[in-house]
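Residue numbers (our numbering), protein chains in the order written: chain A, 100 to 539; chain B, 100 to 539.
Backbone N, C-alpha and C define an ideal beta-carbon position, used for all residues, glycine too.
Values in this document were obtained by computation on a predicted structure and should not be read as measured data.
Read through the structure below, which is laid out as structure tokens, and then see the notes.
There are 2 protein chains.
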Amino acid sequence: MRLSRYFLPILKETPKEAEIVSHRLMLRAGMIRQQAAGLYSFLPLGKRVLDKVTKIIREEQDRSGAIELLMPTIQSADLWRESGRYDDYGKEMLRIQDRHERDLLFGPTNEEMVTDIFRSYVRSYKDLPLNLYHIQWKFRDEVRPRFGVMRSREFLMKDAYSFDIDYEASKTAYDRMFVAYLRTFARMGLKAIPMRADTGPIGGELSHEFIILASTGESEVFCHRDYLDMKVPGEGVDFSDAGALASIVETWTMPYAATEEMHDEAAWNAVPDAERLAARGIEVGHIFHFGTKYSEPMGATVTGPDGKEVPVQMGSYGIGPSRLIAAIIEASHDDNGIIWPKGVAPFDVGLVNMKPGDADCDAVCDRLYAELQAVGHDVLYDDEDTRAGAKFATMDLIGLPVQVIVGPRGAKAGEVEIKDRATGARETLPVGDLMARLSA
Amino acid sequence: MRLSRYFLPILKETPKEAEIVSHRLMLRAGMIRQQAAGLYSFLPLGKRVLDKVTKIIREEQDRSGAIELLMPTIQSADLWRESGRYDDYGKEMLRIQDRHERDLLFGPTNEEMVTDIFRSYVRSYKDLPLNLYHIQWKFRDEVRPRFGVMRSREFLMKDAYSFDIDYEASKTAYDRMFVAYLRTFARMGLKAIPMRADTGPIGGELSHEFIILASTGESEVFCHRDYLDMKVPGEGVDFSDAGALASIVETWTMPYAATEEMHDEAAWNAVPDAERLAARGIEVGHIFHFGTKYSEPMGATVTGPDGKEVPVQMGSYGIGPSRLIAAIIEASHDDNGIIWPKGVAPFDVGLVNMKPGDADCDAVCDRLYAELQAVGHDVLYDDEDTRAGAKFATMDLIGLPVQVIVGPRGAKAGEVEIKDRATGARETLPVGDLMARLSA
């Protein structure tokens with residue numbers, strides 16, 4: 100993408116309303132714009148990151164055997180009356196009446212609707228296990244939305260729902276998502292630690308939050324240092340091997356890890372002093388096993404091998420991609436701006452033409468722009484006639500992993516400079532060596 | 100995807116509530132499920148088609164230079180009060196109050212919001228032309244939603260908005276979208292005819308609907324037969340060449356074409372009898388040029404080359420991907436089910452194992468399943484132990500372009516059968532020849 104034809108509204112001043120660094124940087128980098136309290140547009144740069152994040156989530160959900168569908172944002176209140184949550188949910192639920200005065204709502208989550216889909220079609224244990232997920236906008240009417248997309252009212256959510264014949268199979272479905280989540284966050288460059296969690300309005304008896312450590316985190320968390328060095332399963336992990344999954348989950352839940360609400364002083368004191376890590380954390384995923392909480396009142400039953408009807412065992416599994424973007428920035432930035440982990444960067448490479456109009460600069464840039472794209476790189480090509488300082492500041496602010504800088508002297512000599520955004524390391528190399536270097 | 104692990108809830112009976120063939124077939128093929136009046140879930144097969152359709156739309160929008168962002172579904176009523184449409188829009192707009200009793204609405208379209216984004220960041224004619232688009236769920240509270248996703252209340256829409264300094268540049272932006280639309284529909288296997296159209300609540304003086312002919316169409320249309328043979332611009336079309344675009348648009352608007360509302364008996368009578376085509380049509384896209392209708396009241400101005408502030412000239416351009424799926428089916432089906440054009444089929448190939456458990460069948464199928472996927476085919480592999488008749492009926496119903504049928508006798512002899520869904524032609528060939536045949 101040529102910057103001259105792109106829409107990247109960088110803000111020079113730091114917006115006053117932004118209280119946390121991710122919110123400030125997303126506004127300054129032209130990623131988002133607030134349309135009303137807790138309602139955000141994702142501007143083109145933000146949309147690209149959102150797409151990268153959802154692509155990784157989708158790939159890992161698919162790999163684990165979950166199947167994607169798409170439920171509407173608007174739901175009928177009647178469904179929620181069946182589960183008993185319509186009255187329980189309180190003012191966070193955005194309630195709506197249509198022109199015929201029927202009660203609707205903007206879905207804050209989809210347990211009821213997916214259970215309704217399940218009960219409409221599935222009759223036999225032979226069709227299990229089943230895990231259905233979608234990635235759709237949700238709405239929760241927070242009293243005081245803030246922190247940008249970290250706590251917005253309308254937000255994107257990937258929510259998966261598992262259906263199984265008994266507790267054992269259902270626990271395997273839970274383990275499957277647990278492992279998929281470990282892989283998902285690792286691919287985004289995040290170290291996410293699963294912590295035993297409270298179940299809140301979703302309900303159930305088994306639940307983990309996936310927490311990343313960031314000094315600006317919203318809550319206090321306590322965990323064993325071992326988590327920092329634990330190895331995330333590779334892409335060859337066998338999602339049909341219940342034993343292998345259970346053993347991974349065991350490994351990842353053995354050392355102490357808890358959020359403030361679930362913190363257990365006695366267990367914490369048993370962790371050797373030097374191994375204790377008390378830090379701030381941000382929740383990036385939450386998984387629940389809740390058994391028959393919805394299937395029983397809503398009549399989602401299947402016939403088992405013995406011919407008897409039983410309500411299915413269910414779990415639900417959420418990641419908020421829009422919120423996740425803010426969390427990634429909280430965990431990865433410096434004074435100059437965002438530092439995108441490779442997997443989620445809006446563009447892989449920023450190509451900076453220091454002097455558009457200079458024949459050497461233009462020739463080198465045009466050649467590199469074509470070559471980089473030909474091998475599949477997403478390139479943002481700064482072809483605008485602006486000051487050097489502004490060019491560097493913008494590139495650092497938007498945080499692309501690699502900058503390729505083409506100045507008139509270098510271009511004449513057949514050289515370009517590359518800069519690694521994360522380390523700040525700069526190096527000059529022959530134009531002809533660049534492609535090999537970037538594919539390394 | 101193995102059918103045994105997929106969620107494809109085929110209905111044996113024809114649903115009574117479905118009045119048109121696309122609605123019937125989408126329900127029977129397990130593509131959609133109605134959750135409430137005018138609210139549909141896209142089940143996994145439907146979601147796949149929706150993704151294919153939006154991918155083509157996105158590629159052609161990007162090719163034309165439009166830039167993707169994503170605006171929220173919920174909007175503030177205040178924005179619509181600025182343009183004067185809040186009161187005008189009537190009961191089709193879903194109006195909402197949040198917990199603080201602020202007036203919100205579920206966006207039926209986004210002229211106001213995108214104009215607000217524009218005026219917040221763009222100051223100079225140098226930043227034009229600009230075309231911003233998004234693909235987002237919209238809501239229009241139809242009095243009587245029906246025909247499935249053809250006329251649902253919540254529906255997906257790609258809406259693009261162009262901003263230009265003067266009428267001439269703005270007309271080029273219009274032409275750009277016009278050409279992008281011709282290409283978009285052609286890639287979906289549709290022959291879409293642009294027809295001069297009424298502008299309705301969007302406003303403006305220049306507008307075309309893109310209409311496909313289908314005997315089940317919602318309205319009567321009148322056009323010259325020449326349209327049936329006109330050639331759609333190839334992917335090399337130069338979107339920066341205003342003259343070339345204008346000439347394509349001229350070619351495509353010269354012969355008579357009008358919807359019922361815009362029908363002109365005198366002009367129609369001037370078309371030779373043998374060249375007249377009066378038929379039923381379905382609207383699949385709608386483009387508008389409306390000048391300063393929103394930019395003026397909302398103060399979206401830029402400084403021109405002469406230093407004076409002028410309100411920008413705007414247009415908007417819509418395609419409804421969810422509705423489009425129904426339109427494609429209306430135009431492409433037979434008594435046995437859907438016939439997907441290649442570009443939008445949920446899977447390219449259906450691989451049918453006639454006797455799972457038979458060693459020869461399983462070996463041939465496993466090999467073909469792996470080979471087909473390795474070269475990038477999306478394959479639905481029917482590995483279920485069901486009757487031959489049911490297998491064939493399902494494959495025909497869901498309409499994948501090519502079926503590869505592996506029976507025990509053929510497999511033993513090293514042969515498979517392929518069936519072309521559109522023509523019904525069947526042919527037996529050696530297993531080793533299949534890959535070359537499908538890549539042809």
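The shortest CA-to-CA distance from K392(B) to any of W179(B), D340(B), K111(B) and E364(B) is the one to W179(B). Sequence-distant partners of V348(A) (beyond 5 residues in either direction) whose C-beta falls short of 6 Å from its own C-beta, in its chain, are D274 and F277.
The beta carbon of A521(B) is closer than 6 Å to those of I438 in its chain, skipping five residues each way along the sequence.
Shown here, Y139(A) sits in a strand according to DSSP, grouped into three states. Taking the Cα positions, L467(B) is about 22 Å away from R147(B).
Below the 8 Å Cβ cutoff, chain A contributes R104 as neighbours of G164(B), in chain order. A Cβ-Cβ distance of about 6 Å is found for the pair S314(A) and R379(A), placing them in contact under the 8 Å criterion. Taking 3 residues as the minimum length, the beta strand (DSSP E) runs contained wholly in the region 213 to 259 of chain B are 229 to 238, in order along the chain. A Cβ of chain B is located within less than 8 Å of the beta carbon of E167(A).
For the options S346(A), W351(A) and T208(A), the alpha carbon positioned closest to that of I292(A) is the one of W351(A). When DSSP assignments are scanned along the region 355 to 419 of chain B, the uninterrupted stretches of alpha helix (DSSP H) that are 4 or more residues long and fall wholly within it turn out to be 364 to 369 and 394 to 397. Rounded to whole angstroms, D482(A) and S431(A) show a C-alpha spacing of 27 Å. Note that the C-beta distance between E191(A) and P207(A) is below 8 Å. For P507(A), the enclosing alpha helix (DSSP H) begins and ends at P507 to A512.
The CB of Q472(B) never comes closer than 8 Å to any CB in chain A; the least such distance is about 13 Å. In summary, P143(A) is buried, with 16 or more beta-carbon neighbours lying within 10 Å of its beta-carbon over all protein chains present. Per DSSP, H122(B) is one residue of the alpha helix (DSSP H) stretching across V120 to R127. Close partners of F246(A) in chain B (Cβ separation under 9 Å) are lacking, with about 16 Å as the shortest Cβ gap. For a Cβ distance threshold of 8 Å, residue set Q134, A135 and L138 of chain B lies close to S175(A), ordered along the chain.
As computed with DSSP, E319(A) is found in a beta bridge with R379(A). Boundaries of the beta strand (DSSP E) around M294(B): A291 to R295. Residue state for R162(B) is assigned as helix, using DSSP reduced to three classes. Residue pairing by DSSP puts R132(B) in a beta bridge opposite S140(B). Taking C-beta atoms under 8 Å as the contact rule, H307(A) and R295(A) qualify, at a distance of about 6 Å.
Sequence-distant partners of H233(B) (beyond 5 residues in either direction) whose C-beta falls short of 6 Å from its own C-beta, in its chain, are L168, L169 and M170. Closest by C-alpha distance to Y188(A), out of E211(A), Q196(A) and C322(A), is E211(A). For the region 186 to 210 of chain B, the beta-carbon criterion of a distance under 7 Å to any beta-carbon of chain A is satisfied by K190, L193, I195, D197 and R198. Contact with chain B is absent for M287(A), since none of that chain's Cβ atoms lies less than 8 Å from the residue's Cβ. In this chain, the alpha helix (DSSP H) harbouring S182(A) covers A176 to S182. The C-alpha of F106(A) is placed about 23 Å away from the C-alpha of G137(A).
Neighbours of M212(B) in chain A, taken as residues whose beta carbon is under 8 Å from its own, are Q134 and S140 in chain order.
Chain A places no beta carbon closer than 8 Å to that of D340(B), leaving this residue out of the contacts.
In the structure shown, V515(A) falls within a strand segment according to DSSP collapsed to helix, strand and coil.
By the criterion of a C-beta distance shorter than 8 Å, L496(A) is surrounded in its chain by I109, L124, R127, A128, N435, G436 and I437, once the five residues flanking it on both sides are discounted. The Cβ atoms of L231(B) and I424(B) lie no closer than 8 Å to each other. Between V242(A) and chain B, the shortest Cβ-Cβ separation is below 8 Å.
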